[in-house]
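Student:
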Amino acid sequence: MKVWDMHCDTLAELRYAQQAGKPKSFLHNDLMMDLERMKQGDYLLQCMACFVHLEPEREKSPLLACLEEIDIFYRLLEQYPDDLMQVRTAADIQTLLTSGKRGMMLTVEEGGACLDSLGALRDLYRLGVRMMTLTWNFKNGLAEPNIVPGTDDMWPRPANTTGGLTEKGLEFVEEMQRLHMLVDVSHLSDAGIWDILRVAKRPFVASHSNARACCPHVRNLTDEMLTAMGEKGCLIGLNYCASFLDTNPDRSQVRSRITDMARHARYIMDKAGEDCLALGSDFDGIDGDLEIAGAQDMPKLAEGLKKEGIPERVVEKIFYGNAVRFFSENL
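Per the working numbering, the sequence shown starts with residue -6, numbered consecutively.
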């Protein structure tokens, strides 16, 4: 079964390996995503996120870090032209469907990489970026995340219900929607998500988020958010991270299991509709006890969801059908 995955952090891992003087091949490596694994998993398209860390001790320049990951992305396309194809437009999607290649779409995880510059945002679009989160786990000039400082030892953590979008953040949303760069609300505060639901004129995504009613992690979406996003025609990517799936109060023992993925999937579809659910693995951004441990395991997930009672027709929509339709309509 074909796979369209809305989020992975592989570009960042390739960059870190390069910086350490131990570059990794994308043909085959020890990460969760490489070309061989994509072929084993029958991938149609992978959204490749440029993950950027805002802490100064981690990155001298967030924008430079983003550009270096974009450079890696383009070098992969140059290295494997017979296997990989960049997707920027709806027309590219139609070409991809009959090409026999694996699609690659550039995205950004951390709107702070733009340094509050609408010009930088437009330049990222010109370079091929088609989706961006406003935040990661740090407050920036655009918005606040749902990770509240000083709550690491609390379970469940309190949600950020007061720190929404700044005026600059609202400007970014307006410009992203004008460009048809998808706004991604994963990692965004509760207040920020409601701000976007209020002002967005076009559908948006939560590329890698689950249902908070099924697991009370603040990275997950509330019932009200799921319903509102469904009404707006948004797309939600099921995240494979154990912390967002498992309710075990001993957070050191959480596991990522297909049974929990199916539980979240059914719940999200019940609240938002079956047209609103897709995949957002978070590969190479998650670790721990994972039943789906890499791109090669996607056939196992498809069979597992069917064994959990989700009809094959619906599994196909989750795996690729909804994403093909949504991106074709909104790029």
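We put the CB at the ideal spot given by N, CA and C, even for glycine.
1. Note down the Cα distance separating Cys207 from Leu238, rounded to an integer number of angstroms.
2. For Ala235 and Ser54, I'd like the C-alpha separation in whole angstroms.
3. Are at least three pairs of beta-carbons, each pair with one atom in the stretch 126 to 133 and one in the stretch 169 to 189, less than 8 Å apart?
4. Give a yes or no on whether the minimum CB-CB distance between Leu7 and chain D is below 8 Å.
5. With a CB to CB cut of under 7 Å and the five nearest residues on each side skipped, what residues in its chain are close to Ile65?
6. Is the beta carbon of Ser249 less than 8 Å from the beta carbon of Gly281?
7. DSSP puts Tyr36 in a beta bridge; with which residues?
8. With a threshold of 16 other CB atoms inside 10 Å of the CB of Gln87, please say whether the residue is buried or exposed.
9. Using CA atoms only, rank isn't needed, just tell me which of Thr154, Lys300 and Gly273 is closest to Gly287.
10. Quick one: what's Gly230 bridged to in DSSP?
11. Whole-angstrom Cβ separation of Leu135 and Gly104, contact assumed at under 8 Å?
12. Can you find the residues in the same chain that come closer than 6 Å, C-beta to C-beta, to Thr215, ignoring five residues on each side of it along the sequence?
13. Using the beta-carbon count (16 or more within 10 Å), is Thr252 buried or exposed?
14. Can you tell me whether Glu102 is helix, strand or coil according to DSSP?
15. With Ala58 and Glu50 assumed to form a contact (beta carbons below 8 Å), what rounded beta-carbon distance in angstroms separates them?
16. In the DSSP assignment, find the unbroken beta strand (DSSP E) run with Asp177 in it and report its ends.
17. Could you compute how far the alpha carbon of Arg306 sits from the alpha carbon of Cys40?
18. Give a yes or no on contact between the stretch 106 to 116 and the stretch 76 to 91, applying the rule of three or more CB pairs nearer than 8 Å.
19. Which one of Val308, Ser18, Leu270 and Met(-1) has the shortest CA to CA distance from Arg123?
20. Provide the residue(s) that pair with Asp76 in DSSP beta bridges, ordered along the chain.
21. Buried or exposed, going by whether 16 or more other CB atoms sit within 10 Å of the CB of Met169?
22. Mind checking Glu224: buried by the 16 CB within 10 Å criterion, or exposed?
23. So, for Asn213: in the same chain, excluding its five sequence neighbours on each side, which residues have a beta-carbon less than 7 Å away from its beta-carbon?
24. How would you call Gly143, buried or exposed, if buried means at least 16 neighbouring beta carbons within 10 angstroms?
25. Grab the span of the beta strand (DSSP E) containing Thr126 for me, first residue to last.
26. Which value, in whole angstroms, describes the spacing of the CA atoms of Thr154 and Ala13?
Tutor: According to the data block:
1. Taking the straight line from one Cα to the other gives about 7 Å.
2. 31 Å
3. yes
4. Absent from the structure: chain D. Only one protein chain is present.
5. Taken in chain order, the residues that qualify are Leu4, Leu7 and Arg8.
6. yes
7. Val(-4)
8. Only exposed fits Gln87, as fewer than 16 other CB atoms lie within 10 angstroms of its CB.
9. Gly273
10. Ala271
11. Right, the Cβ-Cβ distance comes to about 5 Å (below 8 Å), so this counts as a contact.
12. Arg205
13. Looking at its Cβ environment, which holds fewer than 16 other Cβ atoms inside 10 Å, Thr252 is exposed.
14. strand
15. By a beta-carbon distance limit of 8 Å, Ala58 does not contact Glu50. Their separation comes to about 13 Å.
16. Leu175 to Asp177
17. 23 Å
18. no
19. Of all alpha-carbon atoms in Val308, Ser18, Leu270 and Met(-1), the one lying nearest the alpha-carbon of Arg123 is that of Met(-1).
20. The partner list for Asp76 (beta bridge, DSSP) is empty, contrary to what the question assumes.
21. Met169 comes out buried.
22. exposed
23. Here the set comprises Ser202, Asn203, Ala204, Arg205 and Phe237.
24. exposed
25. Val122 to Thr126
26. Their Cα atoms are separated by approximately 39 Å.
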